[in-house]
Structure formats: structure tokens, C-alpha cells
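Novice: Taken in sequence, the protein lines are chains L and H.
So the first sequence is numbered by my numbering: it starts at 14 and just counts up by one.
So the second sequence is numbered by my numbering: it starts at 60 and just counts up by one.
Glycine included, C-beta positions come from ideal geometry on N, C-alpha and C.
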Amino acid sequence: NAGVTQTPKFQVLKTGQSMTLQCAQDMNHEYMSWYRQDPGMGLRLIHYSVGAGITDQGEVPNGYNVSRSTTEDFPLRLLSAAPSQTSVYFCASSQPGRRVSGANVLTFGAGSRLTVL
Amino acid sequence: GNSVTQMEGPVTLSEEAFLTINCTYTATGYPSLFWYVQYPGEGLQLLLKATKADDKGSNKGFEATYRKETTSFHLEKGSVQVSDSAVYFCALPRSGTYKYIFGTGTRLKVLA
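1. Going along the segment 54-65 of chain L in order, which residues come within less than 9 Å of chain H, judged by CB to CB distance?
2. Which of the three DSSP states is assigned to H/Q140 in this structure?
3. Using only the alpha-carbon positions, how far apart do L/G16 and L/P88 sit?
4. Does the beta-carbon of L/S62 have 16 or more other beta-carbons within 10 angstroms, so that it is buried, or is it exposed?
5. Taking 8 Å as the CB-CB limit, is L/Y77 close to chain H?
6. Against L/A123, what residues of chain H qualify as contacts under a CB-to-CB distance less than 7 Å, listed in chain order?
7. Closer than 7 Å, Cβ to Cβ, to anything on chain L: give me those residues from the segment 88-99 of chain H, in chain order.
8. To test your reading of the DSSP string, which unbroken beta strand (DSSP E) runs of 3 or more residues are found completely within the segment 65-93 of chain L?
9. What is the DSSP secondary structure of L/Q50, reduced to helix, strand or coil?
10. Specify, as a first and last residue, the run of the beta strand (DSSP E) that H/E122 falls within.
11. Does the distance from the CB of L/Q19 to the CB of L/E85 come in under 8 Å?
12. Which one or two residues does DSSP pair with L/M45 in a beta bridge?
13. Looking at the structure shown, is L/P21 part of a helix, part of a strand, or coil, going by DSSP?
14. Can H/G102 and L/G122 be called in contact, C-beta distance under 8 Å?
15. Check the Cβ of L/P109 against every Cβ in chain H and list those closer than 8 Å, keeping chain order.
16. Which residues, in chain order, does the segment 22-44 of chain L contribute to contact with chain H at a C-beta distance below 9 Å?
17. Starting from the C-beta of H/I160, find all residues in its chain whose C-beta is less than 7 Å away, skip the five residues before and the five after it, and write them out in chain order.
18. For H/P69, decide whether its Cβ has a neighbour in chain L, counting only Cβ atoms nearer than 8 Å.
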């Protein structure tokens, strides 16, 4: 099925470790983004990309790094994990535009639950 | 800039009860408005959307009307089911960008 695939689903890290959350979409969407979901805070945008080679910061970018070398993939890197990064992470993509059917509707991955000890 | 304020939860209802989840927004221009739903253990998925003032979005028995005069996009369902138990998010795009603003989410629990 077409969609957004995130791996891993669960991960436990120790403080200071690094890791990469993977995100891949097969819908040829230009826009991809990473959110974190924390209780009582809704979804907060970490980083986003409007196309291959183009990335920008969202609301809470500190401690995270991204790259977009292909249209399909948008990995999120935690450089040195901290307990404050314990959260559920969602990757989402969309096709911007006004005249395209389904444009601007975000398609989400199933999420990656990260615990930092 | 654009913003969205969503009704606090949790909301607990009996099956077949009427549901309203309030959402108000501030926005430059008339952006599209969205409701997303998150079922337990899953990512968010689009529930319904409206692209212009007075539009009514509908899906799975849920409805929401884009009201310019009250800057609201309240979610309603006439008769909820246990399977509607989920977290509901109101959302709109930030002005002039592809980025989205989400409400804090409203958890709905429907009891049999």
C-alpha cells in the first residue's frame, strides 16, 4: 500500500547516544516533515522539507538534524539523545498545490516511540 | 500568524450520544481547515476538510462547517460509536507556508 513508512516503531536509547529515525514515502510528495507528539502539547514541527536538497527548521529543531537527498526519504537524526527527547515521532508528507485533488492533505506514518534513559 | 484553539479533553460519552468538539482559528485570508483523527497506536489520518468559507466537510458521519463569521470549525457527530474513540486534532496551514498548525488534540472515549 502506498503511504509513509517509519522505522523503527520503538527504540530505547541511553543519554548521549545517537540514532536515526527513517521515513520513506512512495507517493512522490514534495513536502515532508517531522513532528513530535507529547502529552498536552499536541504536535510540534521539528524540521520540514519542500523538496530534495531543501530543508528548514520548524518550532523545535534543537538536537535534531535532517537531510533530503531524494524525494522519497527524509531521515531524522538525533545527535546526542537527551531525556527531553523522549516522545512519539511522526513523519508526514503532502503534495502542495491548489488544483491537485487531495493537495495539502498530510499523510502520516504510524509513528516511532523513542525513550531516552 | 495563523493559530488554532481546540476544546480541552478528555470527552467521555455514551454510545449514540451527540458529539461536539470545538475548534476556533485565527488566520490571514481563508486557508483550508482540517480535522485529523488518531486511533490508538496509529498515526494521524485525515477525517475531513473544508477549503473555503461555508463549506461543510463530512466523513464517517462526522461534519464540520467552515464558519468565517465566528472563525470556527467545530466537529460534530449525531450518534457516536465505541469505534469513534480516538484523539481528534483541528489543523490549518500557516499563512504563506506549507507548514501546518495543530490544536492540542481532544481525546474522545465512547462507552458501550
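Specialist: Taking the coordinates as given:
1. Within the segment 54-65 of chain L, the qualifying residues are M54, G55, L56, R57, L58, Y61 and V63.
2. Looking at H/Q140 - three-state DSSP - the assignment turns out to be coil, as it is neither helix nor strand.
3. One C-alpha to the other measures close to 16 Å.
4. Its Cβ being crowded by 16 or more others within 10 Å, L/S62 is buried.
5. no
6. E101 and G102
7. S91
8. List check, beta strand (DSSP E) in window: 67-70, 77-79 and 89-91.
9. Looking at L/Q50 - three-state DSSP - the assignment turns out to be strand.
10. F121 to T124
11. no
12. Its beta-bridge partners are L/S62 and L/S106.
13. coil
14. yes
15. Chain H residues near L/P109: Y157.
16. E43 and Y44
17. N61, S62, V63, A150, L151 and R153
18. no
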